[in-house]
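Visitor:
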Amino acid sequence: MSDMRTLGEFIVEKQHEYPTASGELSSLLSSIRLAAKIVHREINKAGLVDITGGFGSENVQGEQQQKLDVYANEKFKAAMAARDQVCGVGSEEEDDVVIFDEAHGLNAKYVILMDPLDGSSNIDVNVSVGTIFSIYRRISPLGQPANLDDFLQPGNKQVAAGYIIYGSSTMLVYTTGNGVHGFTYDPSIGVFCLSHENMRIPEEGTIYSINEGNYIKFPQGVKKYLKYCQENEPEDNRPYTSRYIGSLVSDFHRNMLKGGIYLYPSTAAYPSGKLRLLYECNPMSFIMEQAGGKASDGKQRILDIKPTELHQRVPYFVGSTHMVDKVEAFLRDSPDQE
Ligand code: AHM
Ligand code: MG
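Take the sequence shown: its letters are residues 37 to 374, numbered as in my numbering.
Written out as structure tokens, the structure reads:
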């Protein structure tokens with residue numbers, strides 16, 4: 037039940053907890069809130085107007101872009117460019133980083149990385165999609181254009197991260213490193229209301245989420261872990277339940293609320309995993325750790341990986357701590373031949 041605090045009020049309230057805060061991050065989060073409302077509106081009319089379907093172009097990873105991918109990318113970029121807090125944007129939908137080198141961009145201290153519309157192939161079939169974002173303080177000096185190094189920082193340097201899920205209701209979930217908070221959008225008044233303060237994931241869960249169609253090429257450790265999930269051990273709540281939407285934000289959100297694990301290991305089509313480190317795995321991992329869960333590439337903490345490329349992919353295991361520990365143990369005990 038909402039306690040009638042809005043996202044805007046909550047952001048201001050939290051800012052007071054940091055005496056040195058200048059308000060720029062708060063203002064940046066407000067820009068995201070605005071773009072989220074616009075994208076929410078567009079997604080909700082996707083079935084009504086001729087806006088769904090392929091856009092005819094491919095993004096840098098060779099995937100077909102949907103119209104709403106492009107729309108969301110433009111809206112989030114425009115919301116960032118219109119204010120003074122962001123000096124550049126990295127996006128799944130942009131081949132290269134976009135640097136804001138006008139006067140206000142030069143003096144802005146944050147960069148943002150985003151997947152403006154993740155899981156967008158689900159829109160045509162009325163399944164939930166999401167926006168994911170990750171915010172860093174720039175490392176290049178103020179007064180100069182930002183550069184790629186500002187974006188290639190490890191995830192443990194994030195100052196904020198969040199996602200918006202456009203589902204049966206639209207929600208915005210974010211962290212600034214002090215817990216995870218969720219806000220549900222009330223479209224009748226155009227406001228995000230606090231609905232999930234201080235979200236925590238159970239340490240142990242009973243849901244596993246993976247695209248089992250790729251099974252044949254999974255690492256041995258993952259195959260063994262899946263068998264473990266399916267074994268009949270009622271005292272241990274096994275067999276677990278399999279749930280896979282194929283939309284990271286939705287699968288993640290459900291697992292965070294109920295307890296579970298999401299896995300995207302290496303596959304035949306994606307030998308390094310499918311998901312992108314900088315704007316999918318890092319922000320989700322920051323949120324997951326802040327909610328008391330764990331995120332790993334199978335061997336190491338996602339947030340400690342030093343990125344080398346903007347669109348880098350990584351195997352991904354995220355969710356309830358004990359479940360991620362378990363899959364790591366299986367991977368350690370059953371290494372694949374290199
Ligand atoms: P996208 O960024 O091209 O939308 O791909 C990311 C999506 C995730 O949301 C989802 O978890 C995953 O890809 C599903 O992949 P698959 O269809 O291979 O199971
Ligand atoms: Mg994506």
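Cβ coordinates follow ideal geometry from the N, Cα and C atoms, glycine included. Since the model is a prediction, treat every value here as computed from it, not as a measurement.
1. State yes or no: is the C-beta of Gly282 nearer than 8 Å to some heavy atom of the ligand MG?
2. Say the cut is 8 Å; is the CB of Asp151 nearer than that to a heavy atom of the ligand ADP?
3. What ranges does the alpha helix (DSSP H) occupy inside the stretch 156 to 219, keeping only unbroken runs of at least 4 residues that lie completely in it?
4. Enumerated in chain order, which unbroken segments of the alpha helix (DSSP H) with a length of 4 residues or greater are wholly contained in the stretch 310 to 361?
5. Provide the residue span of the alpha helix (DSSP H) that contains Ser245, from first to last.
6. Out of Ile168, Ser66, Arg119, Ala331, state which residue places its alpha-carbon closest to the alpha-carbon of Asp105.
7. Nearest by alpha-carbon distance to Ile225: which of Gln51, Arg77, Leu61 is it?
8. Here's a check: name, in chain order, each residue in its chain whose Cβ is nearer than 6 Å to the Cβ of Gly301, leaving out the five neighbours to either side.
9. Hey, out of Tyr261, Gly203, Gly126, whose CA is closest to Val161's CA?
10. Under the assumption that Ser245 contacts Asn291 (Cβ atoms under 8 Å), give the Cβ distance between them as a whole number of angstroms.
11. Starting from Val106 and walking both ways along the beta strand (DSSP E), at which residues does that stretch end?
12. Output needed for Glu60: all residues of its chain with C-beta closer than 6 Å, excluding positions within five of it in sequence on either side, in chain order.
13. Look at the alpha carbon of Lys260 and the alpha carbon of Ser67, and state the distance between them as a whole number of angstroms.
14. Taking Leu153 as the reference, give the member of Arg274, Ile237, Ala72, Ser356 with the closest Cα.
15. Going by DSSP, name the residue or residues bridged to Gly274.
16. Tell me which residue opens and which closes the alpha helix (DSSP H) that His76 is part of.
17. Less than 8 Å separating the Cβ of Val285 from some heavy atom of the ligand AHM?
18. Counting C-beta neighbours from all protein chains within 10 Å, is the total for Gln336 16 or more, i.e. buried, or is it exposed?
19. Please name the residue, chosen from Tyr251, Glu269, Gly329, Glu271, that lies closest to Ala304 on a Cα-to-Cα basis.
20. Helix, strand or coil for Tyr251 per DSSP?
21. Around the C-beta of Tyr54, are 16 or more other C-beta atoms found within 10 angstroms, so that it is buried, or is it exposed?
22. Along the chain, where does the beta strand (DSSP E) that runs through Asp151 open and close?
23. Val363 and Met320: beta carbons closer than 9 Å?
Guide: This is what the structure holds:
1. Because no heavy atom of the ligand MG lies under 8 Å away, the Cβ of Gly282 does not count as near it: no.
2. This structure lacks the ligand ADP; the ligands present are the ligand AHM and the ligand MG.
3. For the stretch 156 to 219, the full-length alpha helix (DSSP H) segments reaching 4 residues or more read 184 to 187 along the chain.
4. Runs found: 318 to 326.
5. Note, Ser245: premise wrong, no alpha helix (DSSP H); beta strand (DSSP E) at 243 to 245.
6. Considering only alpha carbons, the answer is Ile168.
7. When each option's Cα is compared against that of Ile225, the closest is Arg77.
8. Reading off the sequence, residue 301 comes out as Pro, not Gly. So the qualifying residues of the chain are Phe254, Pro255, Val258, Pro351.
9. Of Tyr261, Gly203, Gly126, the residue nearest in Cα terms is Gly203.
10. Between Asn291 and Ser245 the Cβ distance is about 6 Å, and since that is below 8 Å, they are a contact.
11. First-last for Val106: 103 to 117, but that is the alpha helix (DSSP H), not the beta strand (DSSP E).
12. For Glu60, where only same-chain residues beyond five positions count, the Cβ hits under 6 Å are Gln121.
13. Whole-angstrom Cα-Cα distance: 45 Å.
14. Answer by Cα proximity: Ala72.
15. One detail in the question is off: residue 274 reads as Arg in this sequence, not Gly. Residue pairing by DSSP places Arg274 opposite Glu269 in a beta bridge.
16. Counting along the chain, the alpha helix (DSSP H) containing His76 begins and ends at 60 to 80.
17. Flag set: Cβ of Val285 near the ligand AHM.
18. Exposed is the call here.
19. From the listed residues Tyr251, Glu269, Gly329, Glu271, the smallest Cα separation to Ala304 is found for Tyr251.
20. The DSSP-derived three-state label of Tyr251 is helix.
21. Exposed is the call here.
22. From DSSP, the beta strand (DSSP E) with Asp151 extends over 146 to 154.
23. For Val363 and Met320, no; Cβs fall outside 9 Å.
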